[in-house]
Structure formats: C-alpha cells, structure tokens
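Each residue of the sequence shown is one higher than the last, beginning at 8 in my numbering.
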Amino acid sequence: MISLQWLHADSSADFPPIETSLDEPDGLLAAGGDLSLTRLIRAYQSGIFPWYNENEPILWWSPDPRFVIYPEKIKISRSLAKNLRNNHFEIR
Numbered sequence: 008m009i010s011l012q013w014l015h016a017d018s019s020a021d022f023p024p025i026e027t028s029l030d031e032p033d034g035l036l037a038a039g040g041d042l043s044l045t046r047l048i049r050a051y052q053s054g055i056f057p058w059y060n061e062n063e064p065i066l067w068w069s070p071d072p073r074f075v076i077y078p079e080k081i082k083i084s085r086s087l088a089k090n091l092r093n094n095h096f097e098i099r
C-alpha cells in the first residue's frame, strides 16, 4: 500500500523527510499544500520541488539522484545564446 503524506494549504510548510519518498514513482514525497513563498523556499532548500498538472493536486518530488545544474559549468551553444538574446522563449 502506498503511504503518501497530504499537505494542507493552511498548515506549516514542513515536509516529511526525503528518505520517505517513494521508489515508484521515483521520488514522490507528498501531495497537496500550496505554492506559497515560504513553502517553496523550504522545499527548494530541502531538495524538494513541485511538479504537477494544472487543475490537479500539487505533487512534491525528491528523486534520488537529483539533477543539479552548476551554472559555472554550463556551456551555452551559439543557437541557444541567439534564442536567449531574441527572447524566443516563454516563462509560465
């Protein structure tokens, strides 16, 4: 049986320990809650991030291993740099 903690929007921004995240689907830790600044900061500081579909409960993830981007190691291709300069992208 899957045991997944439900976070309430009006509760504290605390998350369960990341060691309790599910193996399948990989890294699913909790559901519910909100996207308040306090909760997002607490999540990101703990290696947890929201990933969900619109009009569905927020799902909180912490897969192992996590993908980490080191800004100082990024190589930007010419085509990507051109797209970034021309603003051919949208942030939602």
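Using N, Cα and C, we set each Cβ at its ideal position, and we do this for glycine too.
Notebook entry, point to check: Looking only at DSSP bridge pairs, what is Phe56 linked to?
Noted result: What you label residue 56 is simply residue 49 of the sequence shown in a count that begins at 1. Beta-bridge pairing links Phe56 to Trp68.
Notebook entry, point to check: Is Ser10 buried or exposed, if buried means 16 or more other CB atoms sit within 10 Å of its CB?
Noted result: Working through the sequence shown from its first residue, we reach residue 10 at position 3. Ser10 should be labelled exposed.
Check: Under the three-state reduction of DSSP, which class applies to Leu29: helix, strand or coil?
Finding: Locating residue 29 in the sequence shown gives position 22, counting from the first residue. Residue state, collapsed to three classes: coil.
Check: Hey, quick one: how far does the alpha helix (DSSP H) through Ala20 stretch, first residue to last?
Finding: Working through the sequence shown from its first residue, we reach residue 20 at position 13. Segment: none, Ala20 is in no alpha helix (DSSP H) and carries neither H nor E.
Next item on the list: Following the continuous beta strand (DSSP E) through Leu35, name the residue where it begins and the one where it ends.
Entry: For the purposes of this step, residue 35 is taken as the residue at position 28 of the sequence shown. Boundaries of the beta strand (DSSP E) around Leu35: 35-39.
Note to self: Would Phe22 and Ala50 qualify as a contact pair, given that the criterion is a beta-carbon distance under 8 Å?
What the structure shows: Numbered from 1 along the sequence shown, position 15 holds the residue referred to as residue 22. Numbered from 1 along the sequence shown, position 43 holds the residue referred to as residue 50. The answer is yes: Cβ separation under 8 Å.
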